[in-house]
Amino acid sequence: MGRWMTIEAKRSLIQKNTEEPGMTQTELASWAKRVFRLRKPPARNTVSDILNGASKIMSPSYGKGKRRKPLKLKAPALEDRLEEWVVSVEQRGLCLNRRAITRKTEQIREDVGGAAVKVKLSVGWLSCFLWRYKLRYRPLHGEAGSTDADVVREGRCTR
Numbered sequence: 001m002g003r004w005m006t007i008e009a010k011r012s013l014i015q016k017n018t019e020e021p022g023m024t025q026t027e028l029a030s031w032a033k034r035v036f037r038l039r040k041p042p043a044r045n046t047v048s049d050i051l052n053g054a055s056k057i058m059s060p061s062y063g064k065g066k067r068r069k070p071l072k073l074k075a076p077a078l079e080d081r082l083e084e085w086v087v088s089v090e091q092r093g094l095c096l097n098r099r100a101i102t103r104k105t106e107q108i109r110e111d112v113g114g115a116a117v118k119v120k121l122s123v124g125w126l127s128c129f130l131w132r133y134k135l136r137y138r139p140l141h142g143e144a145g146s147t148d149a150d151v152v153r154e155g156r157c158t159r
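So, in structure tokens, the structure goes:
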């Protein structure tokens, strides 16, 4: 049971309104309660605000999925370029740690300039960046991690 409508839910409500323009705002609110399993239906004025702001909510710049409101970043250009870099490094199969990400962020920050220069690259900022972009540490397996588990079990049983 959710307490509020996420960005995804708001976009679905807007789509439902365009598919069925004859539905009243009260009907849309009860539809939203049922479909998104909300504790109570959103108020009519909430539905009205969502429908009035449809163009802004439907734009990609409004944000992604599970949030209630769009994320307000101090330096979105910095985070976009850093995310692109992290993804490219991970695709090459290279290992990343916090120090490497922070160093690259300092380089990108100088290139981007503007508001990015004022961003403090604290441990908290880096943790939130990793969480926002669903980045996590993945253990890399060496030679021992690439062996077949059945062969290992068989070898243990024969001793």
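So in UniProt numbering, the last spot in the sequence shown is 159, and the numbers never skip. We treat Cβ as the ideally placed atom computed from N, Cα and C, and that holds for glycine.
Check, Outcome
"Can you have a look at Lys56 and say buried or exposed, based on whether 16 or more other CB atoms are within 10 angstroms of its CB?", "exposed"
"Does the distance from the CB of Leu126 to the CB of Thr102 come in under 8 Å?", "yes"
"Considering only the alpha carbon of each residue, which of Trp31, Arg11 and Glu79 lies closest to Pro60?", "Arg11"
"Under a three-way DSSP split, which group does Cys128 fall into?", "helix"
"Here's the rule: buried if 16 or more other CB atoms are within 10 angstroms of the residue's CB, otherwise exposed. What is Thr24?", "exposed"
"Go ahead and pull the three-state DSSP assignment for Gly53.", "coil"
"Output needed for Lys16: all residues of its chain with C-beta closer than 6 Å, excluding positions within five of it in sequence on either side, in chain order.", "none"
"On the three-state DSSP scale, how would you describe Val117?", "helix"
"Any idea if Glu110 is buried or exposed, counting beta-carbon neighbours within 10 angstroms, 16 or more meaning buried?", "exposed"
"So what does DSSP say about Pro76, is it helix, strand or coil?", "helix"
"What residue from Ser122, Glu20 and Ile50 has the CA that sits closest to Ile7's CA?", "Ile50"
"Starting from Arg92, trace the alpha helix (DSSP H) in both directions and tell me its first and last residue.", "Premise fails: Arg92 is in no alpha helix (DSSP H) and is neither H nor E."
"Measure how close the beta-carbons of Arg132 and Val112 come, nearest whole angstrom, since I'm counting them as under 8 Å.", "Wrong, their Cβ atoms sit about 17 Å apart, outside the cutoff."
"My understanding is that Ala29 touches Pro41, with C-beta atoms under 8 Å, so please give their C-beta distance in whole angstroms.", "4 Å"
"Using the Cβ count rule (16 or more neighbours within 10 Å means buried), how would you classify Thr18?", "exposed"
"Taking 8 Å as the cut-off, decide whether the C-beta atoms of Phe129 and Glu84 are in contact.", "no"
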